[in-house]
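Engineer: Before we start, here is the structure in question, set down as structure tokens.
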Amino acid sequence: MKKNPSAQQRIRQHIDETRRHSERVERCLGLLGASPSSAKSTLASLMGSAQAVSTGLFKDELVKNALSDYATEQFEVACYKALMIAARESGQSEIARECEENMREDEAMATWLDQQLPTVVQESLEPVGAH
Ligand SMILES: [Fe+2]
Numbered sequence: 005m006k007k008n009p010s011a012q013q014r015i016r017q018h019i020d021e022t023r024r025h026s027e028r029v030e031r032c033l034g035l036l037g038a039s040p041s042s043a044k045s046t047l048a049s050l051m052g053s054a055q056a057v058s059t060g061l062f063k064d065e066l067v068k069n070a071l072s073d074y075a076t077e078q079f080e081v082a083c084y085k086a087l088m089i090a091a092r093e094s095g096q097s098e099i100a101r102e103c104e105e106n107m108r109e110d111e112a113m114a115t116w117l118d119q120q121l122p123t124v125v126q127e128s129l130e131p132v133g134a135h
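Counting the sequence shown from 1 gives a position; the working numbering is that position plus 4.
Right under this line is the structure:
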């Protein structure tokens, strides 16, 4: 994978954000008196998706990974939006705020991934050894 310090920095930032998302979700579950065990496995798989980006990958997999990462972030946005609406409808304004915060950070990550796509595709079309 081509070294791209700013991309690696952005990905690391989102891994930290994702950890905070997990903490917020646990806090919300605590407010509702629910157990975080089932939520933990879902979040663990989301974390896995985020971390897969930062590992070394073969060139021909970069586009597929870029699409998959973008889809994952958009799915997270949709999940947090649904949770935010449900929380608002139930009068749980604090939980709605936490979900909105997570949603905004995932939206920002999805936007960033979208902006990277042209470069990822262009690099995948370059002959091996061009860098
Ligand atoms: Fe995310």
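Ideal Cβ placement from N, Cα and C applies to all residues, glycine included.
Check whether the stretch 9 to 19 and the stretch 87 to 102 are in contact - that is, three or more C-beta pairs closer than 8 angstroms.
Structural biologist: The answer is no - the stretch 87 to 102 does not touch the stretch 9 to 19, with fewer than three Cβ pairs under 8 angstroms.
Engineer: Is the stretch 22 to 39 touching the stretch 94 to 109 in the sense that three or more CB pairs, one from each, lie closer than 8 angstroms?
Structural biologist: yes
Engineer: I need the DSSP call for S128, collapsed to helix, strand or coil.
Structural biologist: As a first step, residue 128 is located in the sequence shown; it is residue number 124 there, counting from the start. S128 falls in the helix class under three-state DSSP.
Engineer: So, at 7 angstroms on beta carbons, what are the nonlocal neighbours of A114 in its own chain, with the 5 sequence-adjacent residues on each side left out?
Structural biologist: Within the sequence shown, residue 114 is the residue found at index 110, counting from 1. Taken in chain order, the residues that qualify are Y74, E77, Q78 and V81.
Engineer: Hey, would you say the C-beta of M113 is under 7 angstroms away from at least one heavy atom of ligand 1?
Structural biologist: For the purposes of this step, residue 113 is identified with residue 109 of the sequence shown, where counting begins at 1. Yes, the beta carbon of M113 sits closer than 7 angstroms to at least one heavy atom of ligand 1.
Engineer: Output the distance between the C-alpha atoms of E223 and P122, rounded to the nearest integer angstrom.
Structural biologist: Only positions 5 to 135 of the chain appear in this structure, which leaves residue 223 out of reach.
Engineer: Roughly how many angstroms lie between the CA atoms of E111 and R24, to the nearest whole one?
Structural biologist: Your numbering for residue 111 matches position 107 in the sequence shown. Your numbering for residue 24 matches position 20 in the sequence shown. Cα to Cα, the separation comes out at about 15 angstroms.
Engineer: Could you tell me whether any non-hydrogen atom of ligand 1 is closer than 7 angstroms to the CB of D118?
Structural biologist: Counted from its first residue, the sequence shown places residue 118 at position 114. Not so, every heavy atom of ligand 1 lies at least 7 angstroms from the Cβ.
Engineer: From S39 to E109, what does the alpha carbon distance come to, in whole angstroms?
Structural biologist: As a working mapping, residue 39 is identified with position 35 in the sequence shown. As a working mapping, residue 109 is identified with position 105 in the sequence shown. Approximately 25 angstroms between the Cα atoms of the pair.
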